[in-house]
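J.: Residue numbers (the working numbering), protein chains in the order written: chain A, 305 to 467; chain B, 305 to 467; chain C, 305 to 467; chain D, 305 to 467; chain E, 305 to 467; chain F, 305 to 467.
By construction, the Cβ of each residue, glycine as well, lies at the ideal position given by its N, Cα and C atoms.
There are 6 protein chains.
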Amino acid sequence: MKLTHYDRSGRVRMVDVSAKAHTEREAIAGVLVKMNARTLGAVRRSPKGDPLEIARIAGIAAAKQTADLIPLCHPLLLTHIDVQAKFSKQGVAITSCVRTTGPTGVEMEALTAAAVAALTVYDMCKALDKGIEITGLRLLEKRGGKSGTYRRNPKFEIRNSSP
Amino acid sequence: MKLTHYDRSGRVRMVDVSAKAHTEREAIAGVLVKMNARTLGAVRRSPKGDPLEIARIAGIAAAKQTADLIPLCHPLLLTHIDVQAKFSKQGVAITSCVRTTGPTGVEMEALTAAAVAALTVYDMCKALDKGIEITGLRLLEKRGGKSGTYRRNPKFEIRNSSP
Amino acid sequence: MKLTHYDRSGRVRMVDVSAKAHTEREAIAGVLVKMNARTLGAVRRSPKGDPLEIARIAGIAAAKQTADLIPLCHPLLLTHIDVQAKFSKQGVAITSCVRTTGPTGVEMEALTAAAVAALTVYDMCKALDKGIEITGLRLLEKRGGKSGTYRRNPKFEIRNSSP
Amino acid sequence: MKLTHYDRSGRVRMVDVSAKAHTEREAIAGVLVKMNARTLGAVRRSPKGDPLEIARIAGIAAAKQTADLIPLCHPLLLTHIDVQAKFSKQGVAITSCVRTTGPTGVEMEALTAAAVAALTVYDMCKALDKGIEITGLRLLEKRGGKSGTYRRNPKFEIRNSSP
Amino acid sequence: MKLTHYDRSGRVRMVDVSAKAHTEREAIAGVLVKMNARTLGAVRRSPKGDPLEIARIAGIAAAKQTADLIPLCHPLLLTHIDVQAKFSKQGVAITSCVRTTGPTGVEMEALTAAAVAALTVYDMCKALDKGIEITGLRLLEKRGGKSGTYRRNPKFEIRNSSP
Amino acid sequence: MKLTHYDRSGRVRMVDVSAKAHTEREAIAGVLVKMNARTLGAVRRSPKGDPLEIARIAGIAAAKQTADLIPLCHPLLLTHIDVQAKFSKQGVAITSCVRTTGPTGVEMEALTAAAVAALTVYDMCKALDKGIEITGLRLLEKRGGKSGTYRRNPKFEIRNSSP
Numbered sequence: 305m306k307l308t309h310y311d312r313s314g315r316v317r318m319v320d321v322s323a324k325a326h327t328e329r330e331a332i333a334g335v336l337v338k339m340n341a342r343t344l345g346a347v348r349r350s351p352k353g354d355p356l357e358i359a360r361i362a363g364i365a366a367a368k369q370t371a372d373l374i375p376l377c378h379p380l381l382l383t384h385i386d387v388q389a390k391f392s393k394q395g396v397a398i399t400s401c402v403r404t405t406g407p408t409g410v411e412m413e414a415l416t417a418a419a420v421a422a423l424t425v426y427d428m429c430k431a432l433d434k435g436i437e438i439t440g441l442r443l444l445e446k447r448g449g450k451s452g453t454y455r456r457n458p459k460f461e462i463r464n465s466s467p
Numbered sequence: 305m306k307l308t309h310y311d312r313s314g315r316v317r318m319v320d321v322s323a324k325a326h327t328e329r330e331a332i333a334g335v336l337v338k339m340n341a342r343t344l345g346a347v348r349r350s351p352k353g354d355p356l357e358i359a360r361i362a363g364i365a366a367a368k369q370t371a372d373l374i375p376l377c378h379p380l381l382l383t384h385i386d387v388q389a390k391f392s393k394q395g396v397a398i399t400s401c402v403r404t405t406g407p408t409g410v411e412m413e414a415l416t417a418a419a420v421a422a423l424t425v426y427d428m429c430k431a432l433d434k435g436i437e438i439t440g441l442r443l444l445e446k447r448g449g450k451s452g453t454y455r456r457n458p459k460f461e462i463r464n465s466s467p
Numbered sequence: 305m306k307l308t309h310y311d312r313s314g315r316v317r318m319v320d321v322s323a324k325a326h327t328e329r330e331a332i333a334g335v336l337v338k339m340n341a342r343t344l345g346a347v348r349r350s351p352k353g354d355p356l357e358i359a360r361i362a363g364i365a366a367a368k369q370t371a372d373l374i375p376l377c378h379p380l381l382l383t384h385i386d387v388q389a390k391f392s393k394q395g396v397a398i399t400s401c402v403r404t405t406g407p408t409g410v411e412m413e414a415l416t417a418a419a420v421a422a423l424t425v426y427d428m429c430k431a432l433d434k435g436i437e438i439t440g441l442r443l444l445e446k447r448g449g450k451s452g453t454y455r456r457n458p459k460f461e462i463r464n465s466s467p
Numbered sequence: 305m306k307l308t309h310y311d312r313s314g315r316v317r318m319v320d321v322s323a324k325a326h327t328e329r330e331a332i333a334g335v336l337v338k339m340n341a342r343t344l345g346a347v348r349r350s351p352k353g354d355p356l357e358i359a360r361i362a363g364i365a366a367a368k369q370t371a372d373l374i375p376l377c378h379p380l381l382l383t384h385i386d387v388q389a390k391f392s393k394q395g396v397a398i399t400s401c402v403r404t405t406g407p408t409g410v411e412m413e414a415l416t417a418a419a420v421a422a423l424t425v426y427d428m429c430k431a432l433d434k435g436i437e438i439t440g441l442r443l444l445e446k447r448g449g450k451s452g453t454y455r456r457n458p459k460f461e462i463r464n465s466s467p
Numbered sequence: 305m306k307l308t309h310y311d312r313s314g315r316v317r318m319v320d321v322s323a324k325a326h327t328e329r330e331a332i333a334g335v336l337v338k339m340n341a342r343t344l345g346a347v348r349r350s351p352k353g354d355p356l357e358i359a360r361i362a363g364i365a366a367a368k369q370t371a372d373l374i375p376l377c378h379p380l381l382l383t384h385i386d387v388q389a390k391f392s393k394q395g396v397a398i399t400s401c402v403r404t405t406g407p408t409g410v411e412m413e414a415l416t417a418a419a420v421a422a423l424t425v426y427d428m429c430k431a432l433d434k435g436i437e438i439t440g441l442r443l444l445e446k447r448g449g450k451s452g453t454y455r456r457n458p459k460f461e462i463r464n465s466s467p
Numbered sequence: 305m306k307l308t309h310y311d312r313s314g315r316v317r318m319v320d321v322s323a324k325a326h327t328e329r330e331a332i333a334g335v336l337v338k339m340n341a342r343t344l345g346a347v348r349r350s351p352k353g354d355p356l357e358i359a360r361i362a363g364i365a366a367a368k369q370t371a372d373l374i375p376l377c378h379p380l381l382l383t384h385i386d387v388q389a390k391f392s393k394q395g396v397a398i399t400s401c402v403r404t405t406g407p408t409g410v411e412m413e414a415l416t417a418a419a420v421a422a423l424t425v426y427d428m429c430k431a432l433d434k435g436i437e438i439t440g441l442r443l444l445e446k447r448g449g450k451s452g453t454y455r456r457n458p459k460f461e462i463r464n465s466s467p
């Protein structure tokens, strides 16, 4: 087990992916924007706009900015980005899915999309509720690449994170 | 109680801050990158680099990108950005502090700085642990502006969010 | 009458606004995305999403990027950005409104918002109709600054540009 | 005939190009910046600079920003971008040409290059003429990809759009 | 004498400019792109384009990106940016001038403009000469702010740096 | 010998790389941030932070921005970026290494990484020493592509540039 982002002298570095195969890769991430019932009710009742639509679009746009935000991330040609946002009992639940054909995975892109979609929901609700919390931002699934398929254990999910 | 980001027809909109006073404003946000003990140990033992330093710098840089990421955020001239990251029992705890002299608050900038610093920690540890979770991203304090000072209730904090 | 973007030697330059007063300024721009009736019908019938909403948001985001796109534009702190998009007989009509308190006007920001909103509509419809045309991108109104209020002559409007 | 940017539930989405072949693709777009004769004369007489050169460069740079501006556009590795700008009777006529080897076309990149080049011309002339209009932004040609070659009908061109 | 970019624990930080006065500030920087005589001749003879014009524009655009490139730089509203490029005996000499009305100086903006203009010249000539060197990037003058006016000693200039 | 960035009419243009082979390419660049002994001593004694670490990270991030800064640069998928910074007798010596698998070389990316790392060092030291100079920014090595391997002559290096 080793931290791939360190060189031999212990300095943080970008992983060299020059020799890695270009394969289809996918990552799915999730996050919850937890808010109180009163705020959630006000957002749900918003007369006709779809406040979750702007969050979706912000998340899609952010996935494309990942390599600009995370210093050691490689630029990748994303072939698909999707963000879904829906009301849950506790607030707004967001899921993102990102695909590429490239030499490295897209976990960071999926997580960045979910994070920025969540921040966008927060932004629209913050005047009502300063206690909103963005929680449970995590990788749900990952496919492709040398390490193969990963699926987060749903039991573990329930035990360890409130969303 | 109203959602300021909606116009009269219920459509999402950017708040007009043309007439708001320019005052000193500050926001402090926090987040936890929760990882298992083995990963945390590996990161702590990293021979000589400081893996948290890159997260700090990524967070500072991200605060300046907030208006590019969150569609309805106003561009602001940030006068100070600080991000602190330290090891805790459960992982890496991050705090961000942002200041401006402007017509609107900097909560989103502080939250974005904390979120991107957390994602950067995640990126450096993800080869060791696919179960890492970013959790408890929330506003801790806010000063300045019409709504005055806000400080998150520490008791509430303990009861409701694991970090 | 002189071109302000030229220096004494005739070279293109950025106007120096160091000594100009900070006043409230507003600009309103418009544009039409002209498409054939079949395409327009398909967009209108889109089952439940609001295809114009994504165009609005893209336009708002683009206004904040104006100084990055137009080389001689000054960075400005926009205090309000709004983009409206609605179906017309010929296609989708877009209007943008931008405000600032600053030393120079926001025409370019309003025009950029309208242009990018129009390009976003185009992007969503281009699979149906390669003949779509973005037309009549123009300043409709301008307030504030030394040159005072400008309002485009509606008669002239009708005579000279199809939208 | 279907709108590719909608998912089964009618929500706007990014097209998934993961399985599409990487082929050579090209798109050519055009636009006219229409201005009055007096403004056009002043620009033409500009003593020695080449006001159209800055528009060309802004257009080339903008093509590379397309995926950051248009939310549902895919990032692509552009292999060539060219923008030409010349004086015409009515103002400045701009043509852009973009090429890639990739899984999807470059219409949006060519249109964005042309639009930003036109906005840059507008910016340099706006002090002389508030009535400038950007008009006839459209796809002229497209090569490569499943849908094959498209060439805009020049007759249709003449009849329907003033440039 | 102290390094302002360090906090009390010795960690690198962004300087807090919240309490600093907004005054007019200016900075002038210079740099030399040194190339061999044959390359310089080829560039000078370029039939009709002005290869230095694109360098000027790239420098102006880059000044506006400074806070995105240099992590601890504050975002500032630049009121004027100018870049001049001219042929010298040894290659291309570039000078940049940046102004703001703000709480901190614009040295980094002037240096960034000069550096990117120089890199742009390099890019256009690199096919002819791999030995091109960008040298003598330095602050020439600085006005405004608490530390007052600074002018680089021209004698020192001659002794220590070849341009 | 010809300038590849000019079209037949002598106008500056982007090179068309549509037909060039995708091969592994690498470029190494270097630069020196020259400062006086007193400033250098203060930076070296910085109690516990690593001031060169932030410069490294800024350089890595900047390499990814190259095509946004240099107008005629092609976007490329960088597979590796490394920046090293160390104290030398005269100041801080920076080396950058960039790799890609693509149709064109990465000299500009390596030079941009080195330049921005150097500017970041400058930014952190500028309060102590206005005479700091960034010098000797040059290509050290280049591998891959049609023109094969290039290595700067170390003798030439010593004779012509002070670092």
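Spell out whether any CB of chain B is found under 8 Å from the CB atom of Ile-385 (chain F).
T.: False, the Cβ-Cβ gap to chain B never drops below 8 Å.
J.: Quick check on Leu-441 (chain E): does DSSP put it in helix, strand or coil?
T.: strand
J.: Between Glu-330 (chain A) and Arg-447 (chain D), what straight-line distance do the alpha-carbon atoms span, to the nearest angstrom?
T.: Rounded to whole angstroms, the gap between the alpha carbons of Glu-330 (chain A) and Arg-447 (chain D) is 30 Å.
J.: Tell me the rounded alpha-carbon separation between Val-387 (chain A) and Leu-380 (chain A).
T.: Cα-Cα distance, rounded: 18 Å.
J.: Please go through the same chain and pick out, in chain order, the residues whose beta-carbon is closer than 8 Å to the beta-carbon of Arg-342 (chain D), but skip the five residues on each side of it.
T.: Leu-432 and Asp-433
J.: Interface residues of chain E around Arg-403 (chain C) at Cβ under 8 Å?
T.: Those within 8 Å of Arg-403 (chain C) in chain E number zero; the least Cβ separation is about 16 Å.
J.: For the beta strand (DSSP E) that contains Val-396 (chain E), what are its first and last residues?
T.: 395-406 is the extent of the beta strand (DSSP E) around Val-396 (chain E).
J.: Please confirm whether Thr-399 (chain E) has its beta-carbon closer than 8 Å to some beta-carbon of chain G.
T.: Among the protein chains of the structure shown, namely A, B, C, D, E and F, there is no chain G.
J.: Name, please, each residue of chain B whose Cβ falls closer than 8 Å to the Cβ of Met-412 (chain E).
T.: Chain B residues near Met-412 (chain E): none, gap ~13 Å exceeds 8 Å.
J.: On the three-state DSSP scale, how would you describe Leu-382 (chain D)?
T.: In the three-state reduction of the DSSP assignment, Leu-382 (chain D) falls in the strand class.
J.: Could you give the uninterrupted runs of the alpha helix (DSSP H) lying entirely in the stretch 319-349 of chain A, keeping only those of 4 residues or more?
T.: 341-348
J.: For the alpha helix (DSSP H) holding Arg-481 (chain D), just list the boundary residues, first then last.
T.: Residue 481 (chain D) lies beyond the residue range present for chain D, which begins at 305 and ends at 467; the question has no answer from this structure.
J.: Look at the alpha carbon of Met-428 (chain D) and the alpha carbon of Val-347 (chain E), and state the distance between them as a whole number of angstroms.
T.: 27 Å
J.: So for Val-410 (chain D), helix, strand or coil by DSSP?
T.: coil
J.: If you follow the alpha helix (DSSP H) that Ile-436 (chain F) is part of, which residue opens it and which one closes it?
T.: Per DSSP, Ile-436 (chain F) is not a residue of any alpha helix (DSSP H), being assigned neither H nor E.
J.: Considering only C-alpha positions, which residue in the set D:Ile-358, D:Ala-414, D:Ala-359 and D:Ala-397 is nearest to Thr-404 (chain D)?
T.: D:Ala-414
J.: My output table needs one value for Arg-360 (chain E): the three-state DSSP class, helix, strand or coil.
T.: helix
J.: In the stretch 335-365 of chain C, which residues sit with their C-beta less than 8 Å from some C-beta in chain A, listed in chain order?
T.: Gly-353, Asp-354, Glu-357, Ile-358, Ile-361, Ala-362 and Ala-365
J.: Under DSSP, the alpha helix (DSSP H) around Leu-376 (chain D) begins and ends at which residues?
T.: Neither: Leu-376 (chain D) is in no alpha helix (DSSP H) and is coded neither H nor E.
J.: Alpha carbon to alpha carbon, how far is Met-412 (chain B) from Asp-372 (chain C)?
T.: 22 Å
J.: Distance cutoff 8 Å, beta carbons only. Does His-326 (chain D) sit that close to anything in chain C?
T.: no
J.: Whether or not the stretch 358-375 of chain A and the stretch 358-374 of chain B are in contact is what I'm after, with contact meaning three or more pairs of Cβ atoms, one per stretch, closer than 8 Å; do they touch?
T.: yes
J.: Does the beta carbon of Pro-379 (chain C) come closer than 8 Å to any beta carbon on chain D?
T.: no
J.: So, for Pro-407 (chain D): in the same chain, excluding its five sequence neighbours on each side, which residues have a beta-carbon less than 6 Å away from its beta-carbon?
T.: Val-321, Lys-324 and His-326
J.: Once you ignore the five residues that flank Ala-422 (chain D) on each side, which residues in its own chain have a CB closer than 6 Å to its CB?
T.: Val-335, Val-337, Ile-398 and Ile-438
J.: Measuring only between beta-carbons, confirm whether Ala-331 (chain C) sits less than 8 Å from chain E.
T.: no
J.: Starting from Ala-367 (chain E), find everything on chain B with Cβ-Cβ shorter than 9 Å and list it in chain order.
T.: Those within 9 Å of Ala-367 (chain E) in chain B number zero; the least Cβ separation is about 15 Å.
J.: Around the Cβ of Ser-451 (chain C), are there at least 16 other Cβ atoms within 10 angstroms (buried) or fewer (exposed)?
T.: Looking at its Cβ environment, which holds fewer than 16 other Cβ atoms inside 10 Å, Ser-451 (chain C) is exposed.
J.: Exposed or buried, Thr-416 (chain C), counting other C-beta atoms within 10 Å across all chains shown (16 or more means buried)?
T.: buried
J.: Let me know if Ser-392 (chain B) comes out buried or exposed under the rule of 16 or more other beta-carbons within 10 Å of its beta-carbon.
T.: exposed
J.: Between Ala-419 (chain D) and chain C, is the shortest Cβ-Cβ distance under 8 Å, so that the two count as touching?
T.: yes
J.: Consider the Cβ of Gly-406 (chain D): report whether some Cβ of chain C lies at a distance smaller than 8 Å.
T.: no
J.: Which value, in whole angstroms, describes the spacing of the CA atoms of Gly-353 (chain A) and Ala-389 (chain C)?
T.: Bear in mind that a pLDDT of 49 at Gly-353 (chain A), under 50, signals an unreliable position, so the number given afterwards is only what the model happens to contain. Answer to the nearest angstrom: the Cα atoms are 13 Å apart.
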